[in-house]
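Everything below concerns the one structure shown next.
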Amino acid sequence: MLRGLGKRFRSLFVPEPRGDTETTGYHAYVTLYDWIVPSSKLSSAIGRLSEKDKSALDAAWAELESGLAAWKTKHQILASEIAVEIRKSLSAPDFSDTVVCVLVDQSGSMRGQKMLYAAASVDIAQEFLRFLGTSVEVLGFTTRAWQGGQSRNTWDADRRPKNPGRLNDLLHIIYRDANDMRQSSLGHSLKPMLRPDLLKENIDGEAIEWAAGRLRQRPEARKILLVVSDGAPVDDSTLHANGQRYLHDHLLEMVRQLETAGDVELLAIGLAFEVDSYYRVSTNCEAPDELGKAMLVALQRQLVAGRRMSAENRG
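See below:
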């Protein structure tokens, strides 16, 4: 009898909602364990670094700060040259009425050189945009666990009903808020991007929806979302329970919705991955050290050509 009471008490203390199995489209089984945190508070979501991981993070940060010094100087010069060209086409009011969000895939496959150059490239790009007078936001997305976290545990406790939807805990990270008006490097705000324990699964569709939602709350008339990705969306627990195309199809749905709505200009850069199967406006680079130039050129093209296309559509 006591054993039966124990089971009853455990079921009573599982947080509501218990889960969504009635929705036919994309959905999450539980959202209570999803986190959105500034990079400075990342440990509150995934725990403190072990000594081994702390040493690895310090080594990666030293490489970013010192080892990439020549690379950064080269790209800062390129950014200055591109800024001169952009200013021939756009005016100061154009820049001040524009906000750009850079959304970075922080999945496990980004580990190592990819993440190192992604952080360095993002820093160059955001400094370049602020120099132009444009508001800029830097976001990252991953999950709090591998192969499902507390969401998966709740589903297991509920005896695994069919059609559970997303079964991992989202982790969305704010490295720079668009309200931040600094014109310098992000500095230590970017260091957590290099944490070796951070990179896990990638649920792209919800990340894009989140980033676009933040942009839509901004006062600027022009809103641009640049996604940096190195692969298709993956979360093993979710795919095993819902089918192998579940996250893929949701990403396509979110991209098509944004592209159809048109209020947020969407573009993507694939890092050793062809993103054109997902995004109408996209480019690819093969090596991590090519990402900085690819990002600057993509932003130049979108700022200038995108403005021209918007004017033609209004006409």
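Per the working numbering, the sequence shown starts with residue 1, numbered consecutively.
Beta carbons are placed, not taken as given, at the ideal position from N, Cα and C, and that holds for glycine.
Note that the structure is a prediction, hence the values are computed from the model and not measured.
Just mark residue i as buried or exposed, buried being the case when its beta carbon has 16 or more other beta carbons within 10 Å.
i      : result
Ala148 : The sequence shown places Gly at residue 148, rather than the Ala named in the question. Buried, since its Cβ has 16 or more Cβ neighbours within 10 Å.
Leu2   : At Leu2 the pLDDT is 39, less than 50, meaning the model places this residue with poor confidence; the figure from the coordinates comes in the next sentence. Looking at its Cβ environment, which holds fewer than 16 other Cβ atoms inside 10 Å, Leu2 is exposed.
Leu59  : Inspection of the sequence shows that residue 59 is occupied by Ala rather than by Leu. It is exposed - the Cβ of Ala59 has fewer than 16 other Cβ atoms within 10 Å.
Leu103 : buried
His188 : exposed
Ala92  : exposed
Met181 : exposed
Glu206 : buried
Asn313 : The predicted position of Asn313 is uncertain, since its pLDDT is 47 and thus under 50; a value taken from the coordinates is nonetheless stated next. The residue in question, Asn313, is exposed, as its Cβ has fewer than 16 Cβ neighbours within 10 Å.
Lys114 : buried
Asp263 : exposed
Cα-Cα, which of the options is closest to residue i?
i      : options                          : result
Lys72  : Asp169, Arg195 and Lys293        : Lys293
Tyr279 : Gly231, Tyr26, Val304 and Asn242 : Gly231
Phe131 : Thr154, Ser80, Glu63 and Gly140  : Ser80
Ser39  : Lys74, Phe141, Tyr246 and Leu291 : Phe141
Leu57  : Leu258, Ser107, Gly112 and Glu85 : Gly112
Gly108 : Gly19, Leu252 and Asp235         : Asp235
Gln300 : Ser89, Trp210 and Ser50          : Ser89
Gly306 : Ser50, Ser66 and Asp94           : Asp94
Asp105 : Lys162, Arg87, Arg256 and Ala211 : Ala211
Val162 : Gln257, Leu291 and Leu239        : For clarity, residue 162 is Lys in the given sequence; the question names Val instead. Residue Leu239 is the option with its Cα nearest to Lys162.
When you compare only the Cα positions, how much space is there between residue i and residue j?
i      : j      : result
Thr98  : Asn284 : 24 Å
Val281 : Ile208 : 15 Å
Thr134 : Arg222 : 10 Å
Ile36  : Ile173 : 6 Å
Ala260 : Leu267 : The displayed chain sequence assigns Thr, not Ala, to residue 260. Roughly 13 Å between the two C-alpha positions.
Gln244 : Gln302 : 33 Å
Asp276 : Arg176 : 27 Å
Asp156 : Ser96  : 50 Å
Thr31  : Gln183 : 36 Å
Gly213 : Glu265 : 13 Å
Ala298 : Ile224 : 11 Å
Arg48  : Ala241 : 31 Å
Ser11  : Thr21  : Here the model assigns Ser11 a pLDDT of 38, short of 50, so the residue's position is not dependable and the matter cannot be decided.
Pro192 : Arg160 : 35 Å
Val136 : Trp61  : 23 Å
Met110 : Thr23  : 32 Å
Ser55  : Ser43  : 16 Å
Gln217 : Glu63  : 36 Å
Trp66  : Ala178 : Before going on, a small fix: residue 66 reads as Ser here, not Trp. For Ser66 and Ala178, the distance between alpha carbons rounds to 28 Å.
Ser50  : Lys41  : 16 Å
Leu317 : Glu274 : The structure shown has nothing for residue 317, since the chain only spans 1 to 315.
Glu85  : Gln257 : 32 Å
Leu252 : Arg87  : 34 Å
Near residue i, which residues of its chain fall below 7 Å by C-beta distance, leaving aside the five closest residues on each side in sequence?
i      : result
Ala145 : Asn168, Asp169 and Lys200
Glu286 : Ala272
Asp123 : Ser185, Leu186 and Leu190
Leu68  : Ala120
Glu220 : Asp97, Thr98, Val99 and Ser135
So, for residue i: in the same chain, excluding its five sequence neighbours on each side, which residues have a beta-carbon less than 6 Å away from its beta-carbon?
i      : result
Ala28  : Gly165 and Arg166
Asp197 : Asp53
Asp289 : Tyr117
Gly315 : With a pLDDT of 45 at Gly315, under the threshold of 50, the predicted position of this residue should be treated as unreliable, and no value is reported.
Arg152 : Leu167 and Ser237
Met254 : Gly205, Ile208 and Glu209
Pop quiz: residue i and residue j are said to be a contact at Cβ under 8 Å. What is the actual Cβ separation, rounded to whole angstroms?
i      : j      : result
Gln126 : Val138 : 6 Å
Ile269 : Val228 : 5 Å
Ala70  : Phe128 : Between Phe128 and Ala70 the Cβ distance is about 18 Å, and since that is not below 8 Å, they are no contact.
Ile46  : Leu171 : 7 Å
Leu226 : Val304 : Not really, about 15 Å apart at Cβ, beyond 8 Å.
Leu215 : Pro233 : So it is not a contact: roughly 20 Å between Cβ atoms.
His250 : Tyr26  : 4 Å
Gly19  : Thr154 : 6 Å
Can we count residue i as close to the ligand PLP, meaning its CB is less than 8 Å from some heavy atom?
i      : result
Lys114 : This structure lacks the ligand PLP; in fact it carries no ligand of any kind.
Looking only at its own chain, which residues have a Cβ that is under 8 Å from the Cβ of residue i, when we skip the five neighbours before and after it?
i      : result
Leu296 : His75, Leu78, Ala79, Ile82, Ile124, Ala125 and Phe128
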